[in-house]
Structure formats: structure tokens, C-alpha cells
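J.: First residue of the sequence shown? That's 149 in this note's numbering, and the numbers climb one at a time after it.
Using N, Cα and C, we set each Cβ at its ideal position, and we do this for glycine too.
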Amino acid sequence: MHLKVSVALLGALISRGIEAQSSPSVTNITLQLPTRIPAWREPLSPHLAAFSIEMDRWLEFAGQEVGKPNVYFNQLLQNLGERTGQMPLLRVGANTQDRGFVDLSVPVLKSDFPPPTVNVPNPEATRVSIGRDFYALSGNLPAGTSFMWGLNLKSLNKSETVAQARLLADTFQGSRAHLTKNVTLVNVEIGNEPDFYGLTRFGVQGPYGPSWNVANYSSTWVEFAEAVSRELEFDRSDSPAGSRSSGPTLSTGAFTGFMGPEWSPQGMLQAGILDKASVMAMTSQYAGHAYSGGFDLRRVVNPGDLMNKLSVRANMTIRTDGIAAVRSVGLKYILGETNSYANHGQPGLSNTVEAALWMTDWLLLAASLGIERVHFHHGLGFRYNTLQPTSESDDGLNITRPHILPSYHALLIVNEAIGKSGRGEIAEIATTNLTLTAYGIWESGQLKRMVVSNSAVYLGEGMKSSLKVSLKGLEKGRSATMKRLESNMTTSVTGVTWAGQSFEAVSGRPDGDVVKENVMEGVFDLPASSIALVTFDDSC
């Protein structure tokens, strides 16, 4: 008798266990909406989601010749521009801008590459020869595209830097400006990651030893900026009203962020980098660089590490003092180069759906802290790219054609959240759950849109967990619709959709109809590793 009871009890428990595994785990969450627009909100720039491109591979993105653009890359940019009414801003430069030298016997570009290794399957060029048409390729990009071009500082060869500025000026302001008439040069960056020109704490040492410090950099940068300004016509803030130039401004800094606190925007400012009124008038921004760590073949990849809410905030909020310092002197703060893991990305994290969740959070958190632009770095075949521009872009995914990666969807989502009004303001909305993240976008004081994400991990076993989100404080009678980022699991690299559409076609155009859901009574489900863009009705 005892045995029969035990068997029956065991059977019931097993049955319940199977039932539990076949039913998704749902957690009820109340999300309190702000009762009024937060006083600490920040303006949203339509250029928030921006690109950084390694200079040695510029041709793969822009096209091999003037007048022969990369149609696929341009289509992906246009997808983004359609959502804000402004084309994304491109920074071209990075490590190889400091290895660039003008050689007008070269038609466009000649890059010298070392052999690939297991650690560096897609190495950067050791030398870049800048030909006559190099900067003119900018005109291959869609009309309305803006650029930040980088010049060589690391060589400390003023004649070379001036030669690059002269060619850049001729391309955008001189005899060849007709080739770039539909695009705009908005910033010029002198040098890349100068905090790595001397001694570092990371094994690789720069050429200038212990004498190279932030004060030395600051005086050197001023000297080179003045020389460059004799070649390029800059927009100057001290020009009389009505006579401002449409030229570019200078971008300073470009520090890695790994050499703080010795190298910081505060140190640069204290060293007098803007003490000369003429230099200050031409300078509009400080560019910081930021990564979540570095690629390591030995890393044990744990899905969830990259998009972890605590880690994202720990990495971003260390910049708040620098942001405040830069803005206090009238400059904008941008992230001129960023991505997930330095040294081209960590496979299994940087190239999966997780990267889309991380990138969405990273972008919106940056904006909520006062960072105007965030340039995600790209090279050919880099694991952290949002897209691969050519069939030769071997990123380890065995896709033998140009293609997007899951993180491209983050750019779509954020640009839709920003919208076209030009009046958007953003603040993070507090939540009571470590996997739930929310941001509100206000226009004219009214909450218009909200981006909500669930960074819980799902690896394909059992049923996917979900959050049942109830919006508290939503005006009675105010309706809302929702679009979703959906995928099979956290580690998916393909099969991802945004609002029911796939962007994985070889054309780069969306495939399928846009899917919107009604948010009934302010309640919606948010599965693991997914994002929702909630748009509120204007009728109330």
C-alpha cells in the first residue's frame, strides 16, 4: 500500500514538473511611469546612433571608385535615415588614421596588411597610403550624410598632417568640392587614442615613452590644430552674427578611456588645450572611446555578460565627471569610437542577439547622460560590426555575402525611438527588476514613446521566460501600440526580426509587412532577450 501511494505521488510530481517545463515562466512587473517629465532629461540628437569606420577599409564601405558606391551599405544607411529624417554620421579614421600618409601617385588607397593570426583574423593595416580620390569617396554615400574625418597625429610630422588637411580641404571646399556637394564635413579629428602614444599599463607601448603625457599632448594638439586651420576653413563660434562658415569644427580627445585618471578630459582642459581663443572658437566637441572589455581567446563566453544591466551602467557612468567637465566649457561630449569588446569583438557575445540588447541600452543610456553621439566601430570582418559590407567580410559566421549582424537592429530601434520631430528628450525610467530596462522619450513635455527591454537569457531549452509588464500611471483612455525585436534565443545570429520584418535580405531592404500590436490596458508581455518600442496615442 505504501509503495502504491509513493508511486502515485511520484507520478503526480513528475506530471507537474513536465507541465511546469511546458509552460513559460511569467513574472508580473509593474512599471511606474513618471508623473511628469523628468527635470534631468536630455535632448536626443538624430545623429545619436553613428558609425566609426577603420580607415584602411574605407573602400569596402564607400565603394572602390568615385561614382561607384557600395549599394548594399548605402541601403542600410538609408534604412536608418528614414527613421529620423537624418542620415547617420560617419567617422572615418581610428588606429589606421595614425598610419596614414598622403601619396598622390596612388589613385585611391593602398593598405599594407600583416598576415592574419588566430588572435587577429582580420588585422589592421600597418601603413595606409592616401591617394587623390580617397576623401572624395565620401561623395559615394547617400545625400545628407555627414562626416568626421581623422588626420594623423601620432607620427608627429606636421607637414604630413597638413598635407592630409590640404587634400581634405580640396575635396570638400576646393577644386573637387563638386564630388562631395551632397555630403558634409562636420568634424576634423587630429589623432586617435593619444593616451596610447607613450607608456601604457597594457603591454603595448607607444613610441614616445614617459615624456608623453596629457599636458604634452595638449600643447602638441594645439600646435597641429593651428597648422590644420591654415588649410581648412573652419566654422568659428567667434565669427560675427550672420557670417558663420558652413565649415567643420575640430574634435579633440579621442582617449581610449583605459588610461584614466591620468588621461581624462579634465586633465586636457586643465593643461590649457582650449586656452587660445582662436582654437577654442574652432573646437566643438570632445570624443571619448569606450569598450566593455577586450577580446580574449581564453574567455569563457557566458551569455548575458555583455548585456548585464549592472555592468552596462558601471561602464557608462564612470564617464559622468568627464561629461560634466566638457559641457561646462561649452563643448559637446561624444563617444567617437565604441563597441562591445575591443580588438574587434568577442564571438558568441558581440555577434549575437545579445549585442542588439546591449547596444540599444548603451545608446539610450549614453543619451540619457548627455552624450550626443555614439559611433560604433567597424572594420572588415570585425565580430562586433553591425554589418559586413562585402562578400569578403569573413566574420566567422560562414555567410558568404554582405550581411547584417543582430546588432544592426539596435540602430533601427533607437532611430525609430528618436523619431523625426527633432524635439525628443530622453530619461531612463526606474524599474524594479534587474533584467527590465526602460527609457522614455518626451516631446513638448508629453511621453510619446518608450523603449523597454528584457535582458533575461534564453538558450533554447524549455520554454522562454517572460515579463508581464503593467504600466502604472498611464492616462485613462490613452491607447498604445508596440513593435517587437524577436529572435529564437539569446545566442541567435540570424532569423532576427524587427516589427515583423527581416532586414537580412541581400538587398538590405526590409522584407515583410510591419507588425504592430495593440497594448491592451497598459499591459504587455516581454519575452527573454527581446525589446519593445511602445508608442503612445496622441488623442488624450
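Between Ala197 and Val562, is the Cβ-Cβ spacing less than 8 angstroms?
T.: Yes.
J.: Comparing C-alpha positions only, which one of Val254, Gly248, Thr468 and Tyr606 sits nearest to Asn752?
T.: Any property of residue 752 remains undetermined from this structure, which presents the chain solely from 149 to 688.
J.: If you draw a straight line from the alpha carbon of Val174 to that of Thr368, how long is it in whole angstroms?
T.: 58 angstroms
J.: I want to know whether the segment 651-671 touches the segment 584-601 - three or more CB-CB distances under 8 angstroms.
T.: no
J.: Please confirm whether Gln321 and Val250 have their CB atoms less than 8 angstroms apart.
T.: No, they are not a contact pair.
J.: Quick check on this structure: which residue in Tyr220, Thr534, Leu192 and Gly544 has the alpha carbon closest to the alpha carbon of Ser655?
T.: Tyr220
J.: In angstroms with no decimal places, state the Cα-to-Cα distance between Glu381 and Val667.
T.: 52 angstroms
J.: What first and last residue would you give for the alpha helix (DSSP H) that runs through Val219?
T.: Residues Val219 to Thr232.
J.: Give me the Cα-Cα distance between Arg461 and Tyr556, rounded to the nearest whole angstrom.
T.: Put simply, the backbone Cα of Arg461 is about 22 angstroms away from that of Tyr556.
J.: Could you tell me the distance, in whole angstroms, from the CA atom of Leu511 to the CA atom of Val522?
T.: 7 angstroms
J.: Should the segment 454-469 be regarded as contacting the segment 513-531, the criterion being three or more beta carbon pairs within less than 8 angstroms?
T.: Verdict: yes, contact present.
J.: Whose CA, out of Pro675, Gly229 and Ala402, lies closest to the CA of Ser603?
T.: Pro675
J.: In three-state terms, what does DSSP make of Asp542?
T.: Coil at Asp542, not helix or strand.
J.: Could you work out which residue in Gly339, Leu192, Ser498 and Ala647 is closest to Met455 when comparing CA atoms only?
T.: Of the listed residues, the one whose Cα sits closest to Met455 is Ser498.
J.: Quick check on the DSSP output: the alpha helix (DSSP H) that includes Leu327 runs from which residue to which?
T.: Leu327 -> no alpha helix (DSSP H), and no H or E assigned at all.
J.: Less than 8 angstroms between the beta carbons of Val644 and Val501, yes or no?
T.: yes
J.: Can you tell me whether Asp469 is helix, strand or coil according to DSSP?
T.: helix
J.: Quick check: the Cα distance between Arg632 and Asn330, rounded to an integer number of angstroms?
T.: The C-alpha of Asn330 is placed about 34 angstroms away from the C-alpha of Arg632.
J.: Express the C-alpha separation of Leu505 and Tyr587 in angstroms, rounding to a whole number.
T.: 13 angstroms
J.: By a C-beta neighbour count over all protein chains shown, 10 Å radius and 16 as the cutoff for buried, is Lys302 buried or exposed?
T.: Label assigned to Lys302: buried.
J.: Ser614 by DSSP, collapsed to three states: which one?
T.: strand
J.: Out of Pro255, Gln245 and Ala647, which has the shortest C-alpha to C-alpha gap to Val336?
T.: Gln245
J.: Here's the rule I'm using: 16 or more other beta-carbon atoms within 10 Å means buried, otherwise exposed. How should Lys480 be labelled?
T.: buried
J.: Out of curiosity, what's the CA-to-CA distance linking Thr431 and Met416?
T.: C-alpha separation (whole angstroms): 13 angstroms.
J.: Decide yes or no for the touch test of the segment 283-294 against the segment 206-213: beta carbon pairs closer than 8 angstroms, at least 3 of them.
T.: yes
J.: Tell me which residue opens and which closes the beta strand (DSSP E) that Glu410 is part of.
T.: Unbroken run through Glu410: none, as it is neither H nor E.
J.: Would you kindly work out how many angstroms separate the C-alpha atoms of Thr319 and Glu609, rounded to a whole number?
T.: 56 angstroms
J.: Buried or exposed: where does Glu379 fall if 16 or more other Cβ atoms within 10 Å of its Cβ makes it buried?
T.: Classification of Glu379: buried, given that the 10 Å Cβ count is 16 or more.
J.: Run through the DSSP bridge pairs and tell me what Trp188 is partnered with.
T.: Its beta-bridge partners do not exist; DSSP assigns none.
J.: From which residue to which residue does the alpha helix (DSSP H) around Trp360 run?
T.: From DSSP, Trp360 is part of no alpha helix (DSSP H); its letter is neither H nor E.
J.: Would you check if the distance between the CB atom of Lys616 and the CB atom of Val671 is smaller than 8 angstroms?
T.: yes
J.: Entirely within the segment 415-439 and at least 4 residues each: give me those alpha helix (DSSP H) ranges in chain order.
T.: 425-430
J.: Specify the secondary structure class of Leu511 as computed by DSSP and reduced to three states.
T.: helix
J.: How big is the Cα-Cα spacing for Gly441 and Tyr489?
T.: 5 angstroms
J.: Do Ala373 and Lys306 come within 8 angstroms of each other at the CB atom, strictly closer than that value?
T.: In this structure, Lys306 lies away from Ala373, with their beta-carbon atoms at least 8 angstroms apart.
J.: What are the start and end residues of the alpha helix (DSSP H) that includes Arg314?
T.: Lys306 to Phe320
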